[in-house]
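Each number in the numbering used here comes from the position in the sequence shown (counting from 1) with 257 added on. Ideal Cβ placement from N, Cα and C applies to all residues, glycine included. Remember, it's a predicted structure, so these values are computed and weren't measured experimentally. Worksheet: one structure, shown below.
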Amino acid sequence: MNLDTPQLFAIAAALGWASGLRLYSVVFLTGMAGFLGWVDLPAGLKLLQSPVMLGASGLMLFVEFFADKIPGVDSLWDAIHTVVRIPAGAALAAAVFGADHESWAMAAALMGGTLAATSHIAKATTRAAINTSPEPFSNIGMSLLGDSAVPAALWLSWTHPAVFAIALLLMLAVMVATIWVLSKFLRGLVRRVLRRADTAPQA
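Structure below.
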């Protein structure tokens with residue numbers, strides 16, 4: 258498959274955006290697609306299809322799948338991965354172009370890091386808000402939605418990059434609105450908890 262620049266950017270955008278949601282799923286699915294010959298990965302991404310990388314990313318994908326469905330644990334997992342997902346999303350996006358196209362790779366890295374940050378913050382904010390509810394079903398439902406969104410985005414970027422670009426713009430609009438609304442909700446919740454703590458009778 259000969260990939261032109263717009264399609265490469267679509268793939269880079271998908272890798273960056275999806276890394277903010279499920280980094281290990283992105284690494285494993287991309288590597289497995291290359292390993293099975295479904296796609297011809299760009300040279301900078303071929304490392305992902307090595308057996309060692311597939312084993313490591315598959316193991317972490319297994320751990321994340323369950324950690325992301327336990328209220329409280331999911332928010333802790335997101336907090337820890339704030340320092341992992343964003344630079345990884347930037348690195349994966351840059352690797353689409355490789356060292357032979359440094360300017361394009363730098364642009365892709367900036368785009369990938371920004372998209373990873375947006376999706377990660379939206380995910381973490383949403384899950385923190387959902388965790389204020391005692392029932393576990395909404396938490397599991399949102400986690401399964403993330404599980405399915407990642408392979409769908411990757412597939413679209415490879416097969417229908419124009420459709421993916423439109424879908425990405427819509428998803429970004431929803432995510433930015435979600436961050437704005439839920440951040441206000443969470444700030445209000447924190448203020449109410451602090452006020453209750455201040456007015457609680459001292460032992």
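- The continuous stretches of alpha helix (DSSP H) do not include I327, and DSSP gives it neither H nor E.
- V438 and H377 have their C-alpha atoms spaced approximately 16 Å apart.
- Of the residues assessed, E359 falls on the exposed side of the cut-off, its CB having fewer than 16 other CB atoms within 10 angstroms.
- Its Cα nearest to that of I436, the residue T383 stands out among T383, L316 and L413.
- A straight-line Cα-Cα distance of about 20 Å links K380 and L349.
- Using a 10 angstroms sphere on the CB of A345, the tally of other CB atoms reaches 16 or more, which defines it as buried.
- The straight-line gap separating the alpha-carbon atoms of L272 and P263 is approximately 14 Å.
- Here I327 is not near A373, since their CB atoms are 9 Å or more apart.
- DSSP places V284 in the uninterrupted alpha helix (DSSP H) bounded by T262 to F292.
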